[in-house]
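A short worksheet on the structure shown next.
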Amino acid sequence: MSSGFDIEDTIVAISTPPGIGAIGMIRLSGPNAIVVVNRVFSKDILNAKGYSLHFGQILLGEVVLDEVLVSLFRGPKSFTRQDVVEVSFHGSPYILQEGLQLFLKHGARLANAGEFTQRAYLNGAFDLAQAEAVADLIASTSKAAHQLAMGQMRGQVSHELRDLRMQLLDFTSLIELELDFGEEDVEFADRGQFLDLIEAMRVRLRGLIRSFHFGNAVKSGVPTVIMGRPNAGKSTLLNQLLQDDRAIVSEVAGTTRDVIEDRLVLDGIEFRLMDTAGIRVTEDLIEKEGVARSEALAEKASLVLYVFDPEEMDLADAQRYVEGLDLPPGAVVLFLGNKVDLLVEQERRGGLHRDVIWISARDGLGMDVLCDKMVSAVRGLIDRPDEEVIISNVRHVEALRQTLLALDEVAEGIAAGLPSDLMTIDIRMALHYLGGITGEISTDEVLGNIFGKFCIGK
12 MSSGFDIEDT IVAISTPPGI GAIGMIRLSG PNAIVVVNRV FSKDILNAKG YSLHFGQILL
72 GEVVLDEVLV SLFRGPKSFT RQDVVEVSFH GSPYILQEGL QLFLKHGARL ANAGEFTQRA
132 YLNGAFDLAQ AEAVADLIAS TSKAAHQLAM GQMRGQVSHE LRDLRMQLLD FTSLIELELD
192 FGEEDVEFAD RGQFLDLIEA MRVRLRGLIR SFHFGNAVKS GVPTVIMGRP NAGKSTLLNQ
252 LLQDDRAIVS EVAGTTRDVI EDRLVLDGIE FRLMDTAGIR VTEDLIEKEG VARSEALAEK
312 ASLVLYVFDP EEMDLADAQR YVEGLDLPPG AVVLFLGNKV DLLVEQERRG GLHRDVIWIS
372 ARDGLGMDVL CDKMVSAVRG LIDRPDEEVI ISNVRHVEAL RQTLLALDEV AEGIAAGLPS
432 DLMTIDIRMA LHYLGGITGE ISTDEVLGNI FGKFCIGK
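Below, the structure written as structure tokens:
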């Protein structure tokens, strides 16, 4: 695969997170990876087999820097398809920095962010969509996000897109052939069949685009907005859910003016909790801006927790307010009646509405029920059939939208009886956008942007 990137030198980087740990790893990849390590290792590994482990010492001249375990992988049977050596040191920042400088001194170059994965992609180990999934896998913080990244890394998205692209390419080849016989007025591609194919592809593309709402929620955390009137107990609820004093709690109404965000994992699902300003009519400009932000966030949320004090408003009032918001399709609203501990016993027995989750954010009453309801509310969002392809990458969904627009133009062209040479323009655009996702069509600028977001050492 040709590119403007140099993949013929030997790169090195620390592959474990910064700080003190039991083990710290330095990884090398390139034609001289084994040679560089061999120059400072106490044993000769130049002719060692791939997939082999070697215990010994890394030497600073006559001084032992550390006792290490060297893992050796010979290309192409390695992550990057090149010779790869991973040296496991004791996890001292000093030792790792000394080891890194030693390898640099003996001929390696410091790797750029994501350069190991970039080399794997450029050497054909996997396609661009799968490469991006590596970063998602590393960043995953929940079971659901992990499963989504693993599916993409194993090629679920790539296989679906290649199938779409090949179907389109087969028909395109016939239309291109018509151009070679333009003077003979022949038609190799049946327009009716082609229109049926385009419509079937548009249906699949719309489904993939819709799946981004689910995939993004899984990858980034289910956007969950806590809202309600001032002093309803929103900040107290956030603190109770997190088991931490994350938000300031005060009896003064309007304490929360900006959005406070944190994350909570329940039953393998990550929720991105956002505590928002209290909803009320106000002349305070700062508070008014806070209210506007609260409503804007709710209109992008997958889950809304509307908190109300039953002494101040009833369920019907809360429902009327929420109905006035422009919530996204599929968004779930849970109505939480707070301060249930202050209601008299008679009200508790007979006056509690079944459509309300009754809680005490201060004392923790009803929290187990609330957490169960939160999980069940989004379970359909998270639990998808294993074979269903889910899009979670912004770059991918934008390319799919552009593909759909191009195919819309193709369908209109077929209906209008446009000649082959005009239709091929939009068909080629559709092929271009689909190919860009998996990397069949890519530029150095795109690759630099993608791999630049990886951590150093990966």
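Letter by letter, the sequence shown follows residues 12 to 469 of the working numbering.
No residue lacks a Cβ here, since even glycine has one placed at the ideal position from N, Cα and C.
The model shown is predicted, which means the values in this text are computed figures rather than measured ones.
Using a 10 Å radius around the Cβ and a threshold of 16 neighbouring Cβ atoms, would you call Ile22 buried or exposed?
buried
Should Gly335 be labelled buried (16 or more other beta-carbon atoms within 10 Å of its own) or exposed?
exposed
C-alpha gap between Pro339 and Glu310, whole angstroms
6 Å
Ordered list of alpha helix (DSSP H) runs contained in the region 370-443, each at least 4 residues
378-393 and 405-427
Leaving aside the five residues before and after Asp352 along the sequence, list all residues of the same chain whose C-beta is less than 8 Å from its C-beta, in chain order.
Ser371, Arg373, Asp374 and Leu376
Could you check the C-alpha separation between Leu179 and Ile401 for me, to the nearest Å?
21 Å
Range covered by the alpha helix (DSSP H) that runs through Arg202:
Arg202 to Ser231
Identify the continuous beta strand (DSSP E) that holds Asp17 and give its terminal residues.
Unbroken run through Asp17: none, as it is neither H nor E.
Endpoints, the alpha helix (DSSP H) within which Met161 is located:
Lys154 to Met164
Is there contact between the region 58-66 and the region 79-86, where contact requires at least three CB pairs shorter than 8 Å?
yes
With a 10 Å radius around its C-beta and 16 neighbouring C-beta atoms as the bar for buried, classify Ala426 as buried or exposed.
exposed
Using the Cα positions of Met36 and Leu139, report the straight-line distance between them to the nearest angstrom.
26 Å
Considering only their Cβ atoms, is the gap separating Phe282 from Val233 smaller than 7 Å?
yes
Per-residue DSSP class, three states only, for His101:
strand
According to DSSP, is Gln357 helix, strand or coil?
A caution first: Gln357 carries a pLDDT of 45, below 50, which makes its placement in the model too unreliable to give a value.
Starting from Ala44 and walking both ways along the alpha helix (DSSP H), at which residues does that stretch end?
Ala44 to Asn49
Is DSSP giving Ser169 helix, strand or coil here?
helix
Beta-carbon proximity check, Leu248 vs Val318, cutoff 7 Å:
yes
Could you round the C-beta distance between Thr235 and Leu185 to whole angstroms and report it? I think they count as a contact, below 8 Å.
Contact flag wrong, Cβ pair sits at about 50 Å.
Can you tell me which of the three DSSP states Ile452 falls into?
coil
Local conformation of Ala24 per DSSP, three classes
strand
Take every Cβ of the region 409-416, pair it with every Cβ of the region 377-386, and state whether three or more of those distances are shorter than 8 Å.
no
Mapping the DSSP letters down to three states, classify Glu143 as helix, strand or coil.
helix
Run of the alpha helix (DSSP H) containing Ser82, from where it starts to where it stops:
Not the alpha helix (DSSP H): Ser82 falls in the beta strand (DSSP E), residues Val74 to Phe84.
Taking buried to mean at least 16 other C-beta atoms within 10 Å of its own C-beta, is Pro430 buried or exposed?
exposed
Below 8 Å on the Cβ atoms is my guess for Ile31 versus Pro104; work out the distance and round it to an integer in Å.
7 Å
Sub-7 Å separation of Asp320 and Ala243 beta-carbons
yes
I need the straight-line Cα distance from Gly118 to Val47, nearest angstrom please.
6 Å
So Gly301 packs on Arg240, CB below 8 Å; how close in whole Å?
Contact flag wrong, Cβ pair sits at about 13 Å.
Using 7 Å as the threshold, is the C-beta distance between Val538 and Leu277 below it?
Residue 538 falls outside the range modelled here, since the chain spans only 12 to 469, and no answer is possible.
Expressed to the nearest angstrom, what Euclidean distance is found between the alpha-carbon atoms of Leu433 and Gly41?
47 Å
CA-to-CA distance, Ile452 to Ser99, given in whole angstroms
38 Å
DSSP three-state call for Met324: helix, strand or coil?
coil
Between Lys54, Val74 and Glu73, which lies nearest to Gly67 when the distance is taken from Cα to Cα?
Lys54
Reduced DSSP category for Arg304 - H, G, I as helix; E, B as strand; rest coil:
helix
When you compare only the Cα positions, how much space is there between Ala124 and Leu347?
45 Å
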